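Just so you know, the sequences run in chain order L and Z.
Per full-length UniProt numbering, residue 1 is the first one in the first sequence, and the count goes up by one each step.
Per full-length UniProt numbering, residue 1 is the first one in the second sequence, and the count goes up by one each step.
Built from N, CA and C at the ideal position, the CB exists for glycine as well.
As the structure is a computational prediction, the values presented were derived from the model and not from experiment.
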Amino acid sequence: MESDESQSEWIPLSLRPEWADVRPVPQDDGPNPVVPIAYSDDFAETMDYFRAVYLADERSHRALHLTAEAILFNAGNYTVWQFRRLILEALKTDLHEELNFVDFVARENSKNYQIWHHRRWVAEKLGTDAMRRELEFTKRIFSQDAKNYHAWSHRQWVLQALGGWEDELAYCQQLLEDDIFNNSAWNQRYFVVTRSPLLGGLEAMRESEVRYAVEAILTKPENESSWRYLRGLYKDNAKSWVNDPQVSSVCLKVLTSKNNYLFALGMLLDLLCLGFEPSQELKNAVDALNYESDPSDSNLAKTVSSILEHVDPMRVNYWKWRGSTVPHKRV
Amino acid sequence: MEHLRMNGAYWGLTTLDMLGKLEMVDRDEIVSWVMQCQHESGGFGGNIGHDPHILYTVSAVQILALFAKIDVLDIDKVSNYISCLQNEDGSFSGDMWGEVDTRFSYIAICSLALLHRLDKIDVEKAVKYIISCKNVDGGFGSIPGAESHAGQIFCCVGALAITGSLHHVDKDLLGWWLCERQVKSGGLNGRPEKLPDVCYSWWVLSSLIMIDRAHWIDKEKLVRFILDCQDKENGGISDRPDDAVDVYHTYFGVAGLSHLEYPGLKPIDPAYALPVDVVNRIFFGK
């Protein structure tokens, strides 16, 4: 088994009887190599033997084992992965075993593009048989790094190509309980709500999802993801968004707390620019945050953008521009 | 890292050119090595003897462009390799093994534009696929539904810019998402709640420039962040202050500083990721 080989003592290939008939092919960098790289002897020797089987197009079991060794030295070498695929096809190897190999390599290399691409190729060949295992595999990766972009792409592909949607919303919930700031989990939640064949689609899910988003916002109002998620629930339906009392209510609650209110101000500004009529309570809450000693502009939106210029100075040009595009109030 | 030497060479050489020091290297030797990496399919591998892939093909074309040596190419051969990687839905695969990612859409469009062969692909379908990767926050992911990520955004916006399709982008919405990448230290991250990294100085800033919203970040703070990522004793730039340097982050740090008009650096084109004089030579010069 591949994994056992790597853990035992390294025996130079030149001393292994099963490789006695092969002449290794050294790397030819030329006399003055561009960007020369220093290699270890073991690695160099492995690659010399790899080049030999690659150039001879030898799709054998020993070549398969050699690709495993080469990959363990350098999981980024895409040519080795590609040749490995050719060998797997030629030998008609049990691809469930191959998933074991990738599991092993992924332990140290979870951000490597080649692993994910290879994994996908294997899973595609196995079809729905691989579904459970692939969902488990990505879960294991997320337990180490819950934002691994490759793993999320892979998981999304698995769901769409092989299925397994049943527990996905609950899984997102669990991840967000672990870390409410996990933007990948929020994105996945949106993915499930909008694309799962088992749920009713965005419109049907909106009410419960708004409640969920509002609760998350109130827990951590400085969380960019939850505010964006709330906004995203009203995709293409700005009128519903402006008119939903839960939206203005969450802004009011956060503004009144006078804590971590940046995103609340931003959302209020967006609402106002779409014609939202603020309550006196909201106006008072904004006034309480107002830095200017002068009474606030009768146009609340202008007041809000001017407060944002002060409390978010890094983006002062953005907020200035927002202030300049505020619709004029009809007298 | 021998398998991605072509990328490494592109990062290193483009940085040297921005510093005005490209003449320090042996042009003919490099061009000769680049051509040895070409496969019979027309695509380029990451190094001699490596399989072809679109990732190394674009770097090869860009390196030749730096040296004004695109004429050594059999342009039809390379463009055929790239155009054959377009799929039915307009997306692009990285190579014959079929991985799809909007990075490859950008690479195909960028390379073919530099070779004056954009007509070899179905541009309308390519644009349609990219738009299908647009998210409700205005950003783009690697495939439809994938999380908005500054690197993928750069690729999608770059591809749309080159094909004259930027009207599909909600510039105000995306501009805001991008400027929210700037964190307290002045550095930029790639997604909400992630750590800043010098490479985002390129992905985020180039995207902002292409949609005319670069003034929405605090440029001075970003300059200071990038400069803090230097190893002042040994040279080079790392992903964030006090980490080990590498040629990838050095390139992106210098490119970011060039965008920020740091003195002594040649301007770099945000869509083609090549110095502006190189791009001008290709599109307007002899």
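Counterpart residues of residue i in DSSP-defined beta bridges
i                 : result
Val-245 (chain Z) : Z:Ser-238
Leu-188 (chain Z) : Z:Gln-182
Val-100 (chain Z) : Z:Ser-93
Phe-44 (chain Z)  : Z:Gln-38
Gln-86 (chain Z)  : Z:Phe-92
Lys-134 (chain Z) : Z:Phe-140
Rounded separation between residue i and residue j - CA only
i                     : j                 : result
Ser-91 (chain Z)      : Lys-125 (chain Z) : 8 Å
Gly-164 (chain Z)     : Tyr-272 (chain Z) : 14 Å
Leu-178 (chain Z)     : Ala-150 (chain Z) : 8 Å
Ser-105 (chain Z)     : Cys-156 (chain Z) : 8 Å
Val-105 (chain L)     : Leu-99 (chain L)  : 10 Å
Glu-180 (chain Z)     : Val-204 (chain Z) : 10 Å
Asp-122 (chain Z)     : Lys-69 (chain Z)  : 27 Å
Gln-230 (chain Z)     : Arg-191 (chain Z) : 23 Å
Glu-292 (chain L)     : Glu-147 (chain Z) : 39 Å
residue 290 (chain Z) : Tyr-39 (chain L)  : Since the displayed chain Z opens at 1 and closes at 286, residue 290 (chain Z) lies outside it and no answer follows.
Gly-175 (chain Z)     : Ile-211 (chain Z) : 7 Å
Glu-5 (chain L)       : Leu-72 (chain L)  : In this prediction, Glu-5 (chain L) scores a pLDDT of 48, lower than 50, which makes its location untrustworthy; the coordinate-derived value is nonetheless stated afterwards. For Glu-5 (chain L) and Leu-72 (chain L), the distance between alpha carbons rounds to 11 Å.
Arg-119 (chain L)     : Phe-67 (chain Z)  : 39 Å
Gly-163 (chain L)     : Pro-197 (chain L) : 9 Å
Asp-89 (chain Z)      : Asn-284 (chain L) : 53 Å
residue 288 (chain Z) : Val-245 (chain Z) : Because chain Z spans 1 through 286 in this model, residue 288 (chain Z) falls outside it and cannot be assessed.
Asp-242 (chain Z)     : His-249 (chain Z) : 13 Å
Ala-255 (chain Z)     : Val-316 (chain L) : 24 Å
Tyr-234 (chain L)     : Phe-263 (chain L) : 17 Å
Val-250 (chain L)     : Asn-74 (chain L)  : 51 Å
Residue from the options with nearest C-alpha to residue i
i                 : options                                       : result
Gly-236 (chain Z) : Z:Glu-2, Z:Tyr-56 and Z:Leu-16                : Z:Leu-16
Glu-89 (chain L)  : L:Leu-72, L:Tyr-113 and L:Arg-59              : L:Arg-59
Ser-225 (chain L) : L:Phe-181, L:Val-242, L:Ser-257 and L:Gly-266 : L:Phe-181
Leu-289 (chain L) : L:Gly-163, L:Gly-266, L:Trp-165 and L:Tyr-261 : L:Tyr-261
Gln-156 (chain L) : L:Glu-207, L:Glu-177 and L:Ser-184            : L:Ser-184
Trp-202 (chain Z) : Z:Arg-213, Z:Tyr-251, Z:Lys-134 and Z:Glu-147 : Z:Tyr-251
Asp-269 (chain Z) : Z:Pro-241, Z:Gly-158, Z:Ile-226 and Z:Val-247 : Z:Gly-158
Cys-172 (chain L) : L:Tyr-212, L:Phe-43 and L:Arg-107             : L:Tyr-212
Thr-102 (chain Z) : Z:Val-72, Z:Met-96, Z:Leu-114 and Z:Gln-86    : Z:Gln-86
Trp-227 (chain L) : Z:Lys-221, Z:Val-136 and Z:Ser-206            : Z:Val-136
Tyr-78 (chain L)  : Z:Asn-47, Z:Glu-88 and Z:Ala-255              : Z:Asn-47
Gln-188 (chain L) : L:Tyr-54, L:Trp-121 and L:Gly-232             : L:Gly-232
Leu-257 (chain Z) : Z:Val-245, Z:Ile-282, Z:Phe-284 and Z:Ser-206 : Z:Ser-206
Glu-277 (chain L) : L:Leu-15, L:His-117 and L:Lys-239             : L:Lys-239
Val-58 (chain Z)  : Z:Ile-109, Z:Ser-41 and Z:Met-24              : Z:Ile-109
Leu-269 (chain L) : L:Asn-243, L:Asn-284, L:Glu-281 and L:Val-304 : L:Val-304
Arg-224 (chain Z) : Z:Ala-214, Z:Leu-188 and Z:Leu-208            : Z:Leu-188
Ser-238 (chain Z) : Z:Met-6, Z:Lys-194, Z:Cys-199 and Z:Asp-71    : Z:Cys-199
Glu-177 (chain L) : L:Val-193, L:Glu-203 and L:Lys-220            : L:Lys-220
Val-210 (chain L) : L:Pro-245, L:Glu-222, L:Asp-236 and L:Asn-223 : L:Pro-245
Phe-284 (chain Z) : Z:Val-34, Z:Trp-97 and Z:Leu-114              : Z:Leu-114
Rounded distance between the beta-carbons of residue j and residue i, thought under 8 Å
i                 : j                 : result
Gly-323 (chain L) : Ser-306 (chain L) : 6 Å
Asp-48 (chain L)  : Pro-17 (chain L)  : Their Cβ separation, rounded to whole angstroms, is 18 Å, which puts Asp-48 (chain L) and Pro-17 (chain L) out of contact at 8 Å.
Ala-216 (chain L) : Asp-179 (chain L) : In fact, because the Cβ distance is near 12 Å, the residues do not count as touching under 8 Å.
Ile-82 (chain Z)  : Ile-54 (chain Z)  : 7 Å
Val-278 (chain Z) : Pro-267 (chain Z) : Actually they do not touch by this definition, with Cβ atoms about 11 Å apart.
Leu-218 (chain L) : Lys-258 (chain L) : Actually they do not touch by this definition, with Cβ atoms about 14 Å apart.
Ser-79 (chain Z)  : Arg-117 (chain Z) : 4 Å
His-50 (chain Z)  : Gly-76 (chain L)  : Their Cβ separation, rounded to whole angstroms, is 11 Å, which puts His-50 (chain Z) and Gly-76 (chain L) out of contact at 8 Å.
Val-72 (chain Z)  : Val-31 (chain Z)  : 6 Å
His-150 (chain L) : Tyr-113 (chain L) : 7 Å
Phe-44 (chain Z)  : Ala-60 (chain Z)  : 4 Å
Asp-103 (chain L) : Phe-137 (chain L) : 7 Å
Leu-175 (chain L) : Glu-168 (chain L) : Their Cβ separation, rounded to whole angstroms, is 11 Å, which puts Leu-175 (chain L) and Glu-168 (chain L) out of contact at 8 Å.
Gly-253 (chain Z) : Ile-217 (chain Z) : In fact, because the Cβ distance is near 16 Å, the residues do not count as touching under 8 Å.
Leu-265 (chain L) : Leu-308 (chain L) : 6 Å
Arg-51 (chain L)  : Thr-67 (chain L)  : The pair is not a contact, with the Cβ atoms about 12 Å apart (cut-off 8 Å).
Trp-10 (chain L)  : Asp-42 (chain L)  : 6 Å
Met-205 (chain L) : Val-193 (chain L) : 5 Å
Lys-219 (chain Z) : Leu-265 (chain Z) : That belief does not hold up - the Cβ atoms of Lys-219 (chain Z) and Leu-265 (chain Z) are roughly 14 Å apart, past 8 Å.
Where residue i falls: helix, strand or coil (DSSP)
i                     : result
Glu-2 (chain L)       : With a pLDDT of only 46 at Glu-2 (chain L), under the threshold of 50, the placement of this residue in the model should not be trusted; the figure read from the coordinates follows. If DSSP states are grouped into helix, strand and coil, Glu-2 (chain L) belongs with the helices.
Pro-144 (chain Z)     : coil
Ser-298 (chain L)     : coil
residue 372 (chain L) : Residue 372 (chain L) lies beyond the stretch modelled for chain L, which goes from 1 to 331, so this question has no answer here.
Lys-92 (chain L)      : coil
Ile-268 (chain Z)     : strand
Pro-275 (chain Z)     : strand
Val-331 (chain L)     : Note that Val-331 (chain L) has pLDDT 39, beneath the 50 cutoff, so the model's placement of it is unreliable and no number is given.
Gln-160 (chain L)     : helix
Any C-beta of chain A under 7 Å from that of residue i
i                 : result
His-117 (chain L) : Here chain A cannot be found, since the structure's protein chains are L and Z.
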